[in-house]
Amino acid sequence: MTQTQQTQEKLERLVFDTLESFGAEPAEISREAGLKELDIDSLDMVELGQIIEEEYGVRLTGADFKETRTVGEAIDVIAARVL
Amino acid sequence: MTEQAVVTGFGAVTPLGVGARTLFDRWAQGEAAIEGGEGMCNDFEPSEHLSRKEIRRADRFAQLALAASEEAVRQAGWAESLPYDAERIGCVIGTGAGGLQSFESELDVLRDRGDHAVSPLSIPRIMPNAAAAVVAMRYGLKGECYGITSACASGTQAIGAGMRLLRLGVVDAVVVGGAEGRHTVFSRAAFKLMGATSQSGCARPFDRRRDGYVPGEGAGVLVLERRSSAEARGAEVLGEVVGYGACSDAYHLTSPEPGGRGATQAIRSALQDANVGGENIAYVNAHGTGTLLNDRTETIALKAALGPASMEVPVSSIKSAIGHLQGAAGAVEAIATLIALRSGIAPPTLGLEEPDEGLDLNYVPLVQQALRDPTAGARIGLSNSFGFGGHNAVVVMKAP
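Chains as they are written, first to last, in the working numbering: chain A, 304 to 386; chain B, 36 to 435.
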C-alpha cells in the first residue's frame with residue numbers, strides 16, 4: 304500500500320467516525336451515502352472542516368462543501384486539499 | 036364559554052431523580068438531594084433519553100427539557116402519534132439562562148484557539164428558545180412555539196402563556212414547561228457576589244438561619260389540552276390550570292418590593308382568573324427560596340392575598356429538597372402542586388427548624404401534612420414564582 308493510499312484510508316476513517324459522532328447511523332455510512340440521507344447538514348459540515356483543520360492543519364469552511372452531496376464527494380474535497 | 040386548560044401529562048427531571056412521581060414521593064418522605072451547596076440531576080443520563088444527534092445539538096438545559104417532555108408526552112398518550120393536527124399544537128418552554136454552559140465553553144475555545152474554531156452549533160445551543168425548539172422538533176409540534184425568559188418566573192409564565200393560547204383557541208394543545216442547566220463557573224461566581232446563593236450551602240426556607248438559595252438544575256414539562264378535546268379523545272384528565280396571574284414589581288433588578296405589593300398583585304390576579312377566593316385554597320407551593328427578602332415578602336403577600344385562610348393553609352417549599360431550579364422551578368413546582376392536590380399530601384419544608392420572626396404561616400416544617408380540604412372533591416392550590424427583574428407569576432392548579 305502506498306503512502307497516499309494509507310493517508311486516504313486514514314482520512315476516510317476520520318470522516319466516517321466524525322459523521323457517526325454527529326449522529327449518523329454507522330451501518331448507513333459509506334462513500335456513496337447521501338449526506339442528507341444521513342441527516343448531516345451544513346452546520347455539521349462546518350464542524351467537519353474544523354476537525355480536519357485540527358488534524359491536518361488545512362482550513363476548510365462551509366463554502367468548500369457547498370456542492371457536496373455524498374460522503375465520497377466530501378472526502379474528495381478534503382483529499383484534494385490535504386493529500 | 037372559556038375553554039378549560041386541562042393537564043393530560045407531566046414529566047420532570049430533578050436532583051431527586053428522573054420522573055415527576057419520583058420527585059414528589061421522595062420529597063414527601065423528607066428526602067433532599069442537595070450536595071455541596073447545589074442540586075444536580077446526577078441520575079440523568081442523556082443517552083438514555085436522547086439520540087446522539089440530540090445530545091450533540093442541545094445544551095444541558097435543552098437535554099433536560101427533552102427528557103421531561105418524553106415522560107409528559109408518553110403520559111398524555113402522544114408517544115405514537117399526535118392526537119390533533121400538528122399545526123394546532125404549540126410549545127412554550129421557559130429558561131433563566133439558556134445554554135450558558137455552551138456559551139462559556141465556546142468562549143474558552145474562542146480565546147484559546149481563535150474565532151475559526153468556535154462551533155457552528157454554538158448559537159443554536161445557547162439560544163434560550165432552544166428547549167422549545169428541540170421539543171417541538173422531536174414531536175413535530177407545528178403550532179406557535181417560543182421560549183420565555185423571566186428568570187425564576189420563566190416556567191410559570193410558560194404555563195400561563197400556554198394556557199392563554201388554549202383559551203384563545205389558537206391551539207388545541209400545547210406543551211409547556213421550564214428548563215435550566217447546572218450552574219457554571221461563571222454563574223456560580225456571579226450569583227455568589229450578588230449575595231443570592233447560600234454561603235452555608237443549606238436550603239432552609241423560612242428558617243431564622245436561612246442565608247440564600249441553593250442553585251439547582253432540572254426541567255418540568257406539562258401537556259395541556261382543551262378539556263373538550265381531551266375528553267373527546269378519551270384522555271385521562273390529571274388536573275387543570277384554572278388560573279394565572281403575572282405582573283412586574285417595576286422596583287429593583289434583584290430585590291422584591293419590600294411590602295410584597297407585586298407578589299400580592301400576582302396572587303390576587305391568579306385567584307381572580309380562577310374565580311376562587313383564599314378560602315378555597317388547599318395548598319400553596321411557595322416560591323420559598325430561602326433568601327432573607329423573598330421569604331418575608333412572600334409571607335406578607337400570602338397574608339394579604341389569601342386573607343385569614345393564609346394562617347391555615349399548608350405552604351411548603353420544594354426548594355428545600357432540590358434547590359432552586361430557576362427557569363425550571365415554576366414548571367416543576369406546578370407539577371408538584373398538582374401531585375400534592377391529587378394525593379392530598381403537603382410535602383414538607385426541609386431544614387425549617389426555627390421559623391424567623393414574623394414568618395408565622397404553616398410552612399409544613401420537616402414532616403408532611405394532610406392537605407387542608409376546604410372544598411370537598413376538587414382541590415385547588417397555588418404555585419408561586421418570583422424572578423430577578425421583578426417578575427411575579429402565579430398559577431392556580433386544580434385536581435380532578
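The beta-carbon is built from N, C-alpha and C at its ideal position, and this holds for glycine as well.
C-alpha of residue 335(A) to C-alpha of residue 374(A): approximately 6 angstroms in a straight line. Within the DSSP secondary-structure output, residue 181(B) pairs in a beta bridge with 127(B). For residue 325(A), the three-state secondary structure derived from DSSP is coil. For residue 362(A), the chain B residues whose Cβ falls inside 8 angstroms of its Cβ are 151, in order along the chain.
Residue 192(B) holds the alpha-carbon nearest to the alpha-carbon of residue 365(B) among 239(B), 192(B), 234(B) and 66(B).
Between residue 184(B) and residue 125(B), the gap from beta carbon to beta carbon reaches 8 angstroms or more.
For the stretch 112–146 of chain B, no residue has a beta-carbon sitting nearer than 7 angstroms to a beta-carbon of chain A. Straight through space, the alpha carbons of residue 54(B) and residue 111(B) are spaced by roughly 14 angstroms. Of all residues in the stretch 156–179 of chain B, the ones placed with a Cβ closer than 9 angstroms to any Cβ belonging to chain A are 156 and 159, in chain order.
Judged by beta-carbon spacing, residue 72(B) lies beyond the 8 angstroms limit of residue 348(B), meaning their Cβ atoms are not closer than that value. By the criterion of a C-beta distance shorter than 8 angstroms, residue 153(B) is surrounded in its chain by 141, 144 and 145, once the five residues flanking it on both sides are discounted. Within the stretch 101–181 of chain B, the beta strand (DSSP E) runs of at least 3 residues that lie entirely inside it are, in chain order, 124–129. Near chain A, meaning a CB-to-CB distance below 7 angstroms, the residues of the stretch 87–106 of chain B are 87, 88 and 91. Judged by their CB atoms, residue 85(B) and residue 66(B) are not nearer to each other than the 8 angstroms cut-off. When only Cα atoms are considered, residue 212(B) and residue 167(B) end up about 9 angstroms apart. Setting aside the 5 residues that flank it on each side, residue 278(B) is surrounded in the same chain by 305, 308, 309 and 431, each with a C-beta closer than 6 angstroms to its C-beta; the list follows chain order. From the beta-carbon of residue 154(B), the residues of chain A found nearer than 8 angstroms are 350 and 353. Residue 433(B) and residue 408(B) have their C-alpha atoms some 12 angstroms from each other. Taking 8 angstroms as the threshold, the shortest C-beta distance from residue 325(A) to chain B falls below it. Considering only beta carbons, the part of the stretch 332–344 of chain A lying closer than 9 angstroms to chain B consists of 342, in chain order. Here residue 208(B) has 119, 124 and 260 as same chain residues with Cβ atoms under 6 angstroms from its own Cβ, once five neighbours each way along the sequence are excluded.
Bridge pairing for residue 354(B): absent [DSSP]. Contact between the stretch 412–426 of chain B and the stretch 278–298 of chain B is established, with three or more Cβ pairs separated by less than 8 angstroms.
Under the three-pair Cβ rule at 8 angstroms, the stretch 378–385 of chain A does not count as touching the stretch 252–271 of chain B. Under DSSP, residue 283(B) shares a beta bridge with 426(B). Counting only runs of 3+ residues, the beta strand (DSSP E) found wholly inside the stretch 244–320 of chain B occupies 253–261, 274–283 and 316–320, in chain order. About 3 angstroms separates the beta carbon of residue 323(B) from that of residue 352(B), a gap short enough to meet the 8 angstroms contact definition.
Assignment of beta-bridge partners to residue 40(B) by DSSP yields 261(B) and 276(B). Residue state for residue 234(B) is assigned as coil, using DSSP reduced to three classes. Proximity of chain B to residue 346(A) at the Cβ level (cut-off 9 angstroms) is accounted for by 92, 154, 155, 156 and 159, in chain order. C-alpha of residue 387(B) to C-alpha of residue 393(B): approximately 14 angstroms in a straight line. Contact check for residue 272(B) against residue 127(B) fails: the beta carbons are separated by 8 angstroms or more. Rounded to the nearest whole angstrom, the CA to CA distance from residue 376(A) to residue 356(A) is 18 angstroms. With respect to the C-alpha of residue 298(B), the residue from 425(B), 369(B) and 82(B) having the closest C-alpha is 425(B). In the structure shown, residue 330(B) adopts helical secondary structure according to DSSP, grouped into three states. Taking every protein chain shown into account, the CB of residue 93(B) has 16 or more other CB atoms within 10 angstroms, so this residue is buried.
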